[in-house]
Amino acid sequence: YAGMDLPENTERLDPVYQKWTEWRIERLRELWVLWDSTIQDVKSTSRFIPNGFPDRIVTGEKSDIFFTDHQARRGLTAPWDNGKRAKELRATMGMKPLGGIFSVGIEEEYRWKDSVQTEAEIRIWASECIAHNMRLWFVKFGGVIYDERWLPVVQDIYEFAAKHEKYLRNKAPITDIGVVYSEQTSRRYGGEAWQHHYGDHGEGMYHALVEARIPFEMVNDRLLDAEHLNNFKLLVLPNIAALSDHQCQQIQDFVDRGGSVVATFETSLYDEHGDKREDFGLRNVFQVSTNGTVEGPMKNSYLQLKADDSGAYHPILEGLENANRIINGIYRLETSPLSDFPEPVTLIPTYPDLPMEHVYPRTGETHQREVYLREQGNSRIAFIPWDIDRTFWDILASDHGRLLANIVRWAAKDELPVRVEGPGVVDVSSWLQEDSMTVHLVNLTNPMMLKGPYRELIPLSTQKVSVRMPDGKELRSVKLLKADKTVELEVEDGLAHLEVPSVLDHEIIAIDFI
Numbered sequence: 088y089a090g091m092d093l094p095e096n097t098e099r100l101d102p103v104y105q106k107w108t109e110w111r112i113e114r115l116r117e118l119w120v121l122w123d124s125t126i127q128d129v130k131s132t133s134r135f136i137p138n139g140f141p142d143r144i145v146t147g148e149k150s151d152i153f154f155t156d157h158q159a160r161r162g163l164t165a166p167w168d169n170g171k172r173a174k175e176l177r178a179t180m181g182m183k184p185l186g187g188i189f190s191v192g193i194e195e196e197y198r199w200k201d202s203v204q205t206e207a208e209i210r211i212w213a214s215e216c217i218a219h220n221m222r223l224w225f226v227k228f229g230g231v232i233y234d235e236r237w238l239p240v241v242q243d244i245y246e247f248a249a250k251h252e253k254y255l256r257n258k259a260p261i262t263d264i265g266v267v268y269s270e271q272t273s274r275r276y277g278g279e280a281w282q283h284h285y286g287d288h289g290e291g292m293y294h295a296l297v298e299a300r301i302p303f304e305m306v307n308d309r310l311l312d313a314e315h316l317n318n319f320k321l322l323v324l325p326n327i328a329a330l331s332d333h334q335c336q337q338i339q340d341f342v343d344r345g346g347s348v349v350a351t352f353e354t355s356l357y358d359e360h361g362d363k364r365e366d367f368g369l370r371n372v373f374q375v376s377t378n379g380t381v382e383g384p385m386k387n388s389y390l391q392l393k394a395d396d397s398g399a400y401h402p403i404l405e406g407l408e409n410a411n412r413i414i415n416g417i418y419r420l421e422t423s424p425l426s427d428f429p430e431p432v433t434l435i436p437t438y439p440d441l442p443m444e445h446v447y448p449r450t451g452e453t454h455q456r457e458v459y460l461r462e463q464g465n466s467r468i469a470f471i472p473w474d475i476d477r478t479f480w481d482i483l484a485s486d487h488g489r490l491l492a493n494i495v496r497w498a499a500k501d502e503l504p505v506r507v508e509g510p511g512v513v514d515v516s517s518w519l520q521e522d523s524m525t526v527h528l529v530n531l532t533n534p535m536m537l538k539g540p541y542r543e544l545i546p547l548s549t550q551k552v553s554v555r556m557p558d559g560k561e562l563r564s565v566k567l568l569k570a571d572k573t574v575e576l577e578v579e580d581g582l583a584h585l586e587v588p589s590v591l592d593h594e595i596i597a598i599d600f601i
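Residue numbering for the sequence shown is 88 to 601, as defined by my numbering.
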């Protein structure tokens, strides 16, 4: 295939290992085609379904149905990760059936295959299946049942899904925000200290949008053509560093059609092979240039938050007006503007943190923008030249989460299809069916959200929900499927307002049309 010996290690940046990975993907694709076509020659309605595949594009092309073998949380896996896997696959598969395999057992590395998880942990993982358009598919390893506690839990989950099946056969997600993910960057980018743990950029962005209750889908960076981006008005690029010239042009074309973009850190600074460019591939989109110098790891550096000359704060600083300054990230890219930009967020350079008498900023104020914001026709462009998403995932500073959410809302022109206000952490998704639409509220509020199995489900109090009604649809009725009751709502200027009194694990608002 390549005239090389087999790789001696699995270092992803090793050219030999990279070439071996290319060969492996191509060989598995050939086997998939061979086995699938052979099976269909025997029975045309049958399919070969591989146990996972290392390339999502091939998965999308070859699968009529696919099952996500992502059975349960382990280690530091977040509970929303099941929904994230579904979104990544849907980016290449579209609305083909997607099976969500969930295990009733503990899926840690020590292989306790006759184990049983807590009821709360099983329910939250299955709720993410349902909320993100996966078909439930439970697995119990082995045929002997030593512990029966999982049986009534799974029975109840399936009976609920069967009872409300018509509201779970979705035609399309209701959102126009797409978060880009890149298998290309994850394979080709790295080596420098600030490029370690690349996946944390995507995790941080995902978590920030979940906390902000912003519904969104995922976009594969190799499917940036007009057909695949047709339903999106905003693309979010969490350090999608490795992009080809063609991919950069596709994003430029998206902006020229009126699309908006939010991007962070080294997005487009490398080509598809992981080779560094002299400047951003998206330089014209950002209207920002860089010399490629990265500062960090920074200690005791801050961001100054400023009002404009009239004393008004930019919408991205909503809720931060009295902060004046917030903490900076860990790494920042040196950049300079190519056109005029406002200065709502500027740099306070790092300064000593010890001894105490030296803890004061050496530079009180700069004009170095750390968030670039501009408008071009119907498009809004936001570029953040530091690792806000990865730093947020690392330390979960609330100011970073709020700033990210505000920037996304600003770029989306604050036109979200669903708004949910209330206490707690809620994963929100919305779907269109044949004669109805649904809004899913998955309650992730739990002290064990980022480590360890849930011990219990902690109910949320009242959630205020506003839903933008689809054009041409008239309301017939609204009900809460888990609470099993009809609710009243008010429609004003195309927005339907209602209250959900409580959410235990998962509530589904079902809106039927005439």
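Don't be surprised by glycine CBs; every beta carbon is placed ideally from N, CA and C.
Cβ-based neighbour list, residue i, same chain, cut-off 8 Å, excluding 5 preceding and 5 following
i, result
"M385", "N415, G416, I417, Y418, R419 and T437"
"D201", "G192, F228, G229, V231, Y233 and D234"
"G406", "R489 and N493"
"P137", "L115 and W119"
"A517", "Rather than Ala, the amino acid found at residue 517 in this sequence is Ser. Excluding positions up to five away in sequence, the list reads P260, I261, T262, P302, P504, V505, M524, T525, V526, H527 and V554."
"R143", "E175, L176, A178, T179, E270 and N307"
Residue closest to residue i, alpha-carbon to alpha-carbon, out of the options
i, options, result
"H593", "T262, L547 and L582", "L547"
"T351", "R563, V458 and L118", "V458"
"N465", "A328, S269, V342 and H251", "V342"
"P141", "D128, E175, V129 and V526", "E175"
"P424", "R461, L562, E353 and Q105", "R461"
"H360", "L310, A259, K560 and R99", "R99"
"L311", "P325, I338 and P94", "I338"
"P429", "V241, Q374, N378 and A410", "Q374"
"T450", "A399, G90 and S388", "S388"
"L567", "I471, L404 and Q550", "Q550"
"D332", "V306, L531 and N371", "N371"
"D358", "L369, V348 and V349", "L369"
"H454", "Q242, P510, L390 and I217", "L390"
"I601", "A213, K572, Q520 and V587", "Q520"
"D571", "S485, V590 and L537", "V590"
"G345", "E196, A159 and K500", "K500"
"V348", "D340, I482, A165 and A469", "A469"
"H527", "W473, L255 and N326", "L255"
"G383", "Q242, P442 and A280", "A280"
"G509", "L585, I482 and H445", "L585"
"S150", "G181, D128, T125 and T164", "G181"
"G139", "T132, G147 and L483", "G147"
"P588", "T573, G162, E579 and T380", "T573"
"A159", "S485, E270, N409 and R210", "R210"
"R412", "D427, P431, S397 and H284", "P431"
"A89", "Q105, S355 and N96", "Q105"
Same chain, Cβ closer than 6 Å to residue i, neighbours up to 5 away in sequence not counted
i, result
"G291", "D476, R477, F479 and W480"
"D123", "F135"
"W167", "V297 and D514"
"G186", "F154, R222 and W224"
"E113", "none"
"L434", "T453, Q455 and E457"
"R236", "V203"
"I471", "T351 and V458"
Contact belief for residue i with residue j at Cβ below 8 Å, rounded distance in angstroms
i, j, result
"I596", "V552", "6 Å"
"R309", "T108", "Contact doesn't hold; Cβ gap of about 15 Å is too wide."
"S376", "D366", "6 Å"
"N307", "N257", "About 20 Å; that fails the 8 Å criterion."
"E353", "A328", "4 Å"
Chain-order list of residues whose beta-carbon lies under 7 Å from that of residue i (same chain, five-residue window excluded)
i, result
"Q282", "Y276"
"R300", "V507, V513 and V515"
"N378", "E421"
"N533", "Y541 and I545"
"A394", "Y400"
"H487", "I475, T478 and F479"
"N169", "H157, G187, W212, E215 and C216"
"S564", "T573 and D599"
"A484", "I414"
Heavy atom of the ligand HEM within 7 Å of residue i beta-carbon
i, result
"N307", "With respect to the ligand HEM, the structure offers nothing, as it holds no ligand at all."
Ignoring anything shorter than 4 residues or poking outside the segment 412-483, list the alpha helix (DSSP H) runs there in chain order. 475-482
3 or more residues per run - each beta strand (DSSP E) lying fully within the segment 182-235: 185-190 and 222-226
Within 8 Å, do at least three Cβ pairs link the segment 318-328 to the segment 260-278? yes
Okay, do the segment 284-298 and the segment 243-263 touch, 3+ Cβ pairs below 8 Å being the bar? no
Secondary structure, beta strand (DSSP E): runs of 3+ residues fully inside the segment 505-582: 505-508, 513-519, 523-530, 550-555, 562-567 and 577-579
When the Cβ atoms of the segment 554-566 are set against those of the segment 208-226, are three or more pairs found closer than 8 Å? no
Would you say the segment 537-546 touches the segment 202-215, given that touching needs at least three Cβ pairs under 8 Å? yes
Uninterrupted alpha helix (DSSP H) stretches inside the segment 105-129 (no shorter than 4 residues): none
Give the list of continuous beta strand (DSSP E) stretches no shorter than 3 residues that lie fully inside the segment 240-295. 264-268
My parser needs the beta strand (DSSP E) runs of 3 or more residues fully inside the segment 353-411; what are they? 375-382 and 389-392
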